[in-house]
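Structure record follows, encoded as structure tokens.
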Amino acid sequence: MDPKLAAIIIHDIKNSLGVLEGELRRLSDDVPRVQQAHVTCLALQEKLIAFLTLYKADSQGLRAQVEAVSPLDFLDALVREHGVSRSSDIALQVDETDMPVIGFFDEHLVALALEAALQNASRFARSQIALGCRKHPEGGVIFTVRDDGPGIGTQEKKPSTGLGMDLCNAIATAHNKETRHGEARLSNHPDGGALFELCLP
């Protein structure tokens with residue numbers, strides 16, 4: 001494993017554990033604090049899974065276990081799970097526009113990538129985040145996560161390590177078909193907000 005990546009991972013886990021320890025130390029009968037500690041635990045768990053996935057991609061190569069999946073059912077389940085595990089005023093919805101009936105992708109890996117994109121979008125969204133899926137013009141699918149925030153290039157209060165995008169790129173690359181490989185992109189949407197795209201062949 002690259003020493004620089006290992007240092008980033010160790011530093012990030014240390015900081016996350018410090019936040020979690022502080023939350024748990026302050027716990028009493030305060031229900032909102034209990035909920036916040038739970039959310040912090042879930043975020044740390046997701047981060048550790050992402051780190052392990054990146055480590056596997058770096059050391060052994062990541063292989064997608066591609067299956068036929070309904071993108072609508074997949075995204076609906078992701079929204080339900082995300083809604084239960086997060087306390088937020090931000091509306092999370094599935095945009096069914098141009099959604100294919102079937103897509104071919106690794107559910108577990110794509111869920112990790114979209115969860116990372118959702119975490120990023122939730123830091124900037126004002127009131128809503130939309131998930132979608134459409135057919136790729138050259139075959140395959142493109143998953144999207146769009147927020148209604150100020151767009152990319154915005155200064156963050158807490159700078160990101162960038163591991164979320166590294167994870168998404170590793171997952172996209174693990175999906176390949178003949179000479180085509182997947183790709184993760186982040187851009188500003190023409191109508192405002194940031195747009196994340198996970199393009200899978």
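Per the UniProt record's numbering, residue 1 is the first one in the sequence shown, and the count goes up by one each step. Ideal Cβ positions, reconstructed from N, Cα and C, are used throughout, including at glycine. Quick caveat, the model's predicted, so the values are computed rather than measured.
Start-to-end residues for the beta strand (DSSP E) that takes in residue i
i           : result
residue 121 : Counting along the chain, residue 121 falls outside any beta strand (DSSP E), though it belongs to the alpha helix (DSSP H) covering 107-124.
residue 197 : 194-200
Beta-carbon proximity check, residue i vs residue j, cutoff 9 angstroms
i           : j           : result
residue 116 : residue 23  : no
residue 194 : residue 151 : yes
residue 182 : residue 173 : yes
residue 79  : residue 69  : no
residue 100 : residue 146 : no
residue 200 : residue 140 : yes
Own chain residues within Cβ distance below 7 angstroms of residue i, not counting five before or after
i           : result
residue 112 : 49, 50, 53, 167, 171
residue 76  : 94
residue 186 : 152, 165, 194, 196
When the options are compared against residue i, the one with the closest alpha-carbon
i           : options          : result
residue 66  : 134, 176, 191, 9 : 176
residue 64  : 98, 106, 73      : 106
residue 17  : 188, 36, 41      : 41
residue 102 : 72, 123, 89, 96  : 72
residue 178 : 138, 13, 98, 74  : 138
residue 74  : 96, 60, 186, 31  : 96
Neighbourhood of residue i by C-beta, 8 angstroms cutoff - its chain only, sequence neighbours within 5 removed
i           : result
residue 148 : 125, 126, 127, 128, 129, 192, 193
residue 82  : 92, 115, 118
residue 62  : 53, 56, 109, 170, 171, 173, 174
residue 142 : 133, 134, 135, 136, 197, 198, 199, 200
6 angstroms Cβ shell around residue i - same chain, five flanking residues per side excluded
i           : result
residue 144 : 132, 197
residue 190 : none
residue 184 : 168, 169, 172, 198
residue 180 : 201
Residue i CB to nearest heavy atom of the ligand NAD below 8 angstroms
i           : result
residue 187 : Among the ligands in the structure shown, none appear at all, so the ligand NAD cannot be discussed.
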